[in-house]
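From first to last, the protein sequence lines stand for chains B and D. With this note's numbering applied, the first sequence corresponds to residues 171 to 849, in that order. With this note's numbering applied, the second sequence corresponds to residues 171 to 849, in that order. The beta-carbon is built from N, C-alpha and C at its ideal position, and this holds for glycine as well. Only a predicted model underlies this, so the values are computations on that prediction, with no experimental measurement involved.
Protein chains: 2
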Amino acid sequence: MSRWRNNRTYLLSIENAFLKMNNINRSSLFLINTKQRIGEWTMQNVKMTGSFWQHYQDVVANSVIPYQWKALNDELPDTEPSHAIKNFRIAAGELDEEYYGMVFQDSDLYKWLEAVAYSLQSHPNPQLEKDADEVISLLGRAQNKDGYLHTYYQVKEGLEQRWTNVRDNHELYCAGHLIEAAVAYYESTGKSELLQIACKFADYIDSVFGPEEGQIKGFPGHEEIELALVRLYLVTKENRYLNLATFFVNERGRQPHYFDLECKQFGRDQQGWWHGNYEYSQSHIPVREQKEAVGHAVRAMYLYSAVADLAELNNDPTLKEAAENLWHSVVHEKLFINGGIGASAWGEAFAGAFDLPNDTTYNETCASIGLAFWAKRMLQLEPKGEYADILENTVYNGSLCGMDIKGERFFYVNPLEVNGESSCRRRDHKHVLPERQKWFNCACCPPNLARIIGSIGDYFYTQKGETFYVNLYGDSIAKLYWNGQEVEFVQHTMYPWDGAIAFTINPSNSVQGNLAFRIPGWAEGEFNITINGENAAGEEVVSNGYLIINRNWEKGDQVSLLFPTKAKGIYANTKVEENTGKVAFTRGPLVYCFEEVDNGNNLSTIFIGDTSIKEVKNSNLLNDAVYLQLTGSRLQDHSDDLYSFKKPYLEEFTLTAIPYFMWGNRGKGEMKVWVKQQI
Amino acid sequence: MSRWRNNRTYLLSIENAFLKMNNINRSSLFLINTKQRIGEWTMQNVKMTGSFWQHYQDVVANSVIPYQWKALNDELPDTEPSHAIKNFRIAAGELDEEYYGMVFQDSDLYKWLEAVAYSLQSHPNPQLEKDADEVISLLGRAQNKDGYLHTYYQVKEGLEQRWTNVRDNHELYCAGHLIEAAVAYYESTGKSELLQIACKFADYIDSVFGPEEGQIKGFPGHEEIELALVRLYLVTKENRYLNLATFFVNERGRQPHYFDLECKQFGRDQQGWWHGNYEYSQSHIPVREQKEAVGHAVRAMYLYSAVADLAELNNDPTLKEAAENLWHSVVHEKLFINGGIGASAWGEAFAGAFDLPNDTTYNETCASIGLAFWAKRMLQLEPKGEYADILENTVYNGSLCGMDIKGERFFYVNPLEVNGESSCRRRDHKHVLPERQKWFNCACCPPNLARIIGSIGDYFYTQKGETFYVNLYGDSIAKLYWNGQEVEFVQHTMYPWDGAIAFTINPSNSVQGNLAFRIPGWAEGEFNITINGENAAGEEVVSNGYLIINRNWEKGDQVSLLFPTKAKGIYANTKVEENTGKVAFTRGPLVYCFEEVDNGNNLSTIFIGDTSIKEVKNSNLLNDAVYLQLTGSRLQDHSDDLYSFKKPYLEEFTLTAIPYFMWGNRGKGEMKVWVKQQI
């Protein structure tokens with residue numbers, strides 16, 4: 171069965187599947203109005219055809235997903251067992267063992283299932299689908315009859331203890347990942363078993379939490395279920411899911427604080443493991459009052475994603491304002507050049523505004539991926555080029571860096587600078603690993619990478635009213651609904667290595683409407699466009715970072731775009747004290763870095779003045795990759811003295827920079843994104 | 171009774187005092203051969219006459235000592251009680267309360283007594299001496315009849331528990347401070363009561379620890395007693411003290427490791443609170459095998475001081491080599507420009523070679539003071555200008571910075587850079603306070619400052635064979651024995667503000683010998699000298715950083731020295747990655763820094779090229795202080811954008827630098843020693 175199917179037929183088959191559902195505790199289940207929402211919210215039929223994303227989707231299908239499956243089944247040598255699947259077996263009464271793992275161990279399996287769902291679209295794999303179906307069946311057997319499913323409480327603490335610590339114990343977080351997996355698996359395969367399990371759990375949660383007498387007025391310590399419930403609402407049109415997501419967001423940070431009440435009720439230490447700092451979980455004040463992004467960065471991204479969702483779906487201007495304020499805080503005050511966020515290892519959290527340390531930052535891979543989730547939703551809330559710019563930045567530079575080229579080694583933490591050995595010995599650097607790892611005990615990042623790579627097509631286009639927005643560029647074919655027509659969108663491009671995009675529109679019938687192409691921020695407003703080979707004089711309008719063309723689009727219409735990708739230096743605001751007097755280099759959407767393997771050690775001695783940059787093709791690691799060559803200088807000592815009145819001198823040499831996301835593929839060593847300027 | 175007395179008479183009075191001792195468990199007690207050792211090891215009659223050191227000795231006498239006395243007596247409002255004196259009262263059976271405080275709380279009182287001893291020399295104070303005598307009498311009453319004195323075990327754990335955790339529980343450390351206080355108080359006042367208490371404790375320790383059957387083959391987790399026992403040996407000539415110090419140093423780091431054996435014997439966790447890392451206490455390998463300075467910096471300094479002592483007194487070339495190797499490691503690889511040491515807050519410890527972070531360093535005040543202790547002993551082991559250079563550096567720049575000008579506020583940690591607010595919010599910066607504190611719960615630094623300031627005269631001169639070395643310069647009068655003569659040495663100078671020193675030698679009778687004047691490293695070999703107003707052509711030899719003049723010195727002979735103090739830039743080796751491309755400024759022995767109060771905030775934006783430096787007198791904080799004015803530039807943004815392709819530009823302005831040790835006297839704000847160079 172081909173995954174590349176007509177959406178309409180496909181969704182009808184899902185409808186039939188839903189009709190068969192009879193064992194879930196829900197009053198009604200509406201299916202999405204496909205015409206209205208396709209291209210906006212559901213999984214999109216966007217197929218990657220160029221080598222860049224194909225490579226990464228291959229790697230996910232052939233390496234990450236099988237490897238993680240082994241991890242989930244405790245089949246990896248030299249690695250701590252995951253025990254995730256065993257925990258479900260125990261919960262199902264099919265295995266007599268003790269619970270093992272983190273309190274959120276279940277989510278490892280859910281995220282794997284979600285990644286599998288996306289991967290099956292581009293890489294059909296009957297054995298993998300069979301494995302997934304079997305494990306889904308296990309989830310059904312493990313699920314409590316009331317719908318509850320969280321093996322930590324089912325196996326270890328006892329069901330009577332559930333919901334006694336929503337602050338720390340991740341029941342709602344795991345439920346969110348179950349729901350996301352269910353929606354994705356349902357959209358991808360048309361199979362509804364997992365969706366039924368998720369709905370049953372969501373219905374149960376909806377009965378436990380809420381504003382009514384006897385319901386818990388709480389919210390999760392780790393956000394995730396909010397955005398998941400929105401996805402569930404969008405696929406089922408069940409308003410209760412939207413309302414429950416809204417309830418969780420509205421309750422967050424209200425006084426009296428639910429986490430305090432919960433502690434009191436269950437006699438727990440009020441301080442909790444996170445020192446009573448509610449900024450950590452973005453629950454220090456009500457969401458609408460939050461203006462500064464604080465606390466655990468991944469949690470923040472998941473919350474802000476839901477805030478953007480709800481602002482749009484509930485048409486709530488107060489939530490829109492909150493989302494915009496928080497966006498400003500993150501993007502204009504707390505963002506690393508590569509779309510990394512979370513400058514503080516302590517709490518895996520945001521630091522103060524402009525506090526962006528290159529070498530001790532946390533920049534969790536999951537946080538950058540979370541920023542992509544959020545940016546996608548901000549685009550849906552309001553189409554603005556800035557949202558897509560950040561989306562592009564965080565996908566290429568902040569997320570892919572978390573995995574090596576082969577998909578076999580990972581970074582959890584993504585510094586912009588790794589110094590020599592003595593700095594690796596520093597205690598305050600111990601979270602910064604100079605070498606990619608096989609796996610992590612807290613295995614959140616690799617499956618998150620698999621999720622975003624597998625579903626990257628979902629980030630390419632949005633539709634708002636009559637306008638169809640092209641946010642990301644990449645060699646691909648999409649089949650989407652637009653203004654009542656099925657339209658094929660074809661991009662031919664070497665992006666991100668080249669800024670030329672040949673765009674072909676093939677509507678089933680001619681279609682009238684705005685087609686909006688993002689003008690990347692890095693292009694600084696410069697672009698070249700032709701429509702069907704002719705200059706589009708007068709036809710186009712530039713608005714909000716998009717080039718908008720209104721016309722009657724015929725089958726075979728071609729738009730040729732050219733954005734200048736010439737490599738250039740970029741500078742941080744001087745408020746970022748780490749980077750004053752430094753320069754980084756970008757080319758097109760990519761941020762570059764200098765590695766020891768190319769440039770020798772002690773990269774701190776390198777200075778770069780105004781220099782021409784030579785662009786060099788190098789396919790050693792990735793096809794068509796472009797490296798940069800620059801003339802720089804290295805500071806040299808006159809003697810071995812630790813301190814000297816004699817000023818060190820500069821010696822010229824040729825430097826090589828490679829795309830940041832490709833670093834750490836050629837052995838251990840120093841790395842720097844920001845280098846000193848010769849001022 | 172004047173503290174300014176003839177040494178010979180004074181020591182005879184001490185001899186008489188010793189003869190009266192009859193209640194201590196010692197077989198013999200020899201007094202120092204005054205002629206042989208005076209000017210080398212005992213407290214020297216060096217009186218500060220110029221305003222610089224007089225100011226600091228006044229501050230210690232009038233502020234630090236009375237304030238600390240109140241602290242010891244729990245009379246300070248808004249401060250956690252010390253309870254130190256109460257603990258002794260409880261031990262003496264005169265108070266019925268619980269023990270309170272650190273396990274080394276006793277040492278606070280001992281260090282205060284030692285500081286009092288020094289201060290009484292320059293600032294006679296009958297009431298203070300009475301208070302000290304009374305508290306000494308309390309110590310006698312608190313002392314166990316076998317000589318043991320450590321209130322933590324006497325009051326809290328029970329005597330049967332003593333010596334069960336010499337790794338962590340500081341009994342030997344406190345004993346060391348008791349001994350140092352006793353030696354100082356005895357030398358200063360001629361009173362022997364405290365010395366008797368110390369000897370009684372030392373004798374008891376000597377019976378418990380040692381190589382014989384049934385004796386503990388252990389050594390202290392926190393070194394201190396080793397150097398103290400040497401001091402006790404030097405004042406009593408009792409070889410057992412020297413041998414016990416030697417025993418402790420020799421046992422350190424041997425396998426099987428005593429800390430392991432102790433853990434096993436007393437059923438304690440092998441790992442201990444310091445994670446089983448024996449580098450922390452410099453006991454990872456035997457002392458003679460140690461080549462790299464590691465672990466807790468204060469502990470290291472106290473150990474290395476004893477190593478230098480024992481290398482000389484035991485004439486042990488293997489220990490001399492160890493001392494020299496460790497000196498090289500500290501001074502050529504791990505030293506901050508200001509004589510600060512201990513780059514790692516984790517463990518208050520040395521970091522790797524050349525790992526010298528300006529803003530997160532620990533640089534405990536006590537560690538720099540400890541480096542002065544060690545440098546003094548290295549000078550005694552072998553006269554080398556470098557030892558005196560480091561001594562001078564660490565005293566002026568690394569120690570005095572720990573206290574404000576008024577002696578009322580202190581720094582425990584001494585960064586070379588304090589950045590803006592967001593950096594203060596960083597978890598990895600939480601040990602770095604941007605503002606001086608009134609007191610610390612772990613109150614080691616203020617009394618240590620009082621000790622070194624009070625005894626600064628002891629660091630001015632050393633004698634080795636027939637040569638008399640002048641190590642430190644400062645307005646002072648000394649009365650010392652040299653080659654059989656009592657000689658008055660008079661320095662008239664504005665040092666450290668000026669490099670001109672008028673040196674007058676007044677021997678009781680003419681004396682033949684080498685007088686060696688240190689040529690400061692910062693003078694880069696340049697100096698001007700006249701003897702009795704005439705150029706000393708040919709008479710002088712430069713050796714090991716000293717200018718040596720051999721002649722028959724007559725009363726009133728004058729040596730005029732002039733070292734150029736012109737302010738200049740200094741550069742770190744490029745291996746110090748924190749400082750590549752940066753410059754610091756020095757003038758004479760002083761390191762300078764830039765404060766926000768003079769230069770505005772965001773000091774990271776400041777660049778300094780090759781510029782002339784204007785020296786400006788400013789007596790607002792300290793008489794005759796010299797500030798520097800330089801032309802620099804400040805990097806300015808074109809916009810508020812977090813990142814921009816537009817390069818920031820430079821704007822010239824006038825910068826002011828003040829001596830580093832004077833920073834933090836004018837409110838809270840940023841500070842930087844190293845600023846960026848315009849390269």
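Sequence-distant partners of D/ALA481 (beyond 5 residues in either direction) whose C-beta falls short of 7 Å from its own C-beta, in its chain, are LEU489, LYS490, ALA493, LEU551. Following the DSSP letters along the chain, one finds D/ASN835 in no alpha helix (DSSP H), marked with neither H nor E.
Around the beta carbon of D/LYS784, fewer than 16 other beta carbons lie within 10 angstroms, which makes this residue exposed.
For D/GLY654, the closest alpha carbon among the candidates D/THR674, D/ASN679, D/ILE675 is that of D/ASN679.
In this structure the stretch 661 to 672 of chain B lies against the stretch 727 to 735 of chain B, because at least three pairs of beta carbons, one per stretch, are closer than 8 Å.
D/THR663: member of the beta strand (DSSP E) spanning 655 to 663, first to last residue. Where D/ILE375 is concerned, the enclosing alpha helix (DSSP H) starts and stops at 363 to 378. The continuous stretches of beta strand (DSSP E) do not include B/GLY770, and DSSP gives it neither H nor E. Ranking B/SER514, B/ILE511, B/LEU541 by CA distance to the CA of B/LEU473 puts B/LEU541 first.
The C-alpha of D/GLY437 is placed about 54 Å away from the C-alpha of B/LEU364.
The C-alpha of D/LYS504 lies about 34 Å from the C-alpha of D/ALA231. Taking 7 Å as the CB threshold, D/ALA742 lines the interface with chain B. Taken through DSSP and simplified to helix, strand or coil, D/THR334 comes out as coil. In the three-state DSSP reduction, B/ASP727 falls in the strand class (E or B).
If you draw a straight line from the Cα of D/ASN835 to the Cα of D/GLU765, it comes to about 10 Å. Membership of D/PHE417 in any beta strand (DSSP E) is not indicated; the residue belongs instead to the alpha helix (DSSP H) covering 409 to 421.
Comparing C-alpha distances from B/ARG469 to each of B/GLY577, B/ASP486, B/VAL405, B/SER538 shows the shortest one belongs to B/SER538. A Cβ of chain B is located within less than 7 Å of the beta carbon of D/THR775.
Under the three-state reduction of DSSP, D/GLY695 is assigned to coil, being neither helix nor strand. Listed along chain B, no residue sits closer than 7 Å to D/GLY839 by beta-carbon distance, the nearest being about 14 Å off. DSSP places D/ALA478 inside the alpha helix (DSSP H), whose first and last residues are 467 to 483. Just measuring C-alpha positions, the residue of B/GLN847, B/GLU304, B/THR735 sitting nearest B/THR781 is B/GLN847.
Rounded to whole angstroms, D/SER233 and D/LEU290 show a C-alpha spacing of 14 Å.
B/LEU265 counts as exposed, since fewer than 16 other beta carbons sit within 10 angstroms of its beta carbon. A Cβ-Cβ distance of about 4 Å is found for the pair D/LYS752 and D/TRP844, placing them in contact under the 8 Å criterion. At a beta-carbon threshold of 9 Å, the residues of chain B lying near D/GLU747 are ASN589, GLY590, SER592, SER593, ASN772, LEU773, SER774, THR775, ordered along the chain. Against chain D, the CB of B/TRP516 has a partner CB under 7 Å away; the residue lies at that interface. Using a CB distance cut-off of 7 Å, B/GLY751 counts as an interface residue toward chain D. Chain B has a Cβ within less than 7 Å of the Cβ of D/LYS817. At a cut-off of 7 Å between beta-carbon atoms, B/ASP479 makes no contact with chain D. Looking at the backbone, the Cα of B/MET664 and that of B/THR334 are separated by about 53 Å. Judged by pairs of C-beta atoms under 8 Å, the stretch 388 to 399 of chain B touches the stretch 411 to 424 of chain B, as three or more such pairs exist. The shortest CA-to-CA distance from B/PHE831 to any of B/PHE274, B/LEU586, B/GLU822 is the one to B/LEU586. In the three-state DSSP reduction, B/PRO677 falls in the strand class (E or B). Interface residue (Cβ-Cβ distance to chain D less than 7 Å): B/GLN848 is classified as such. With respect to chain D, the C-beta atom of B/SER814 has a partner C-beta closer than 7 Å.
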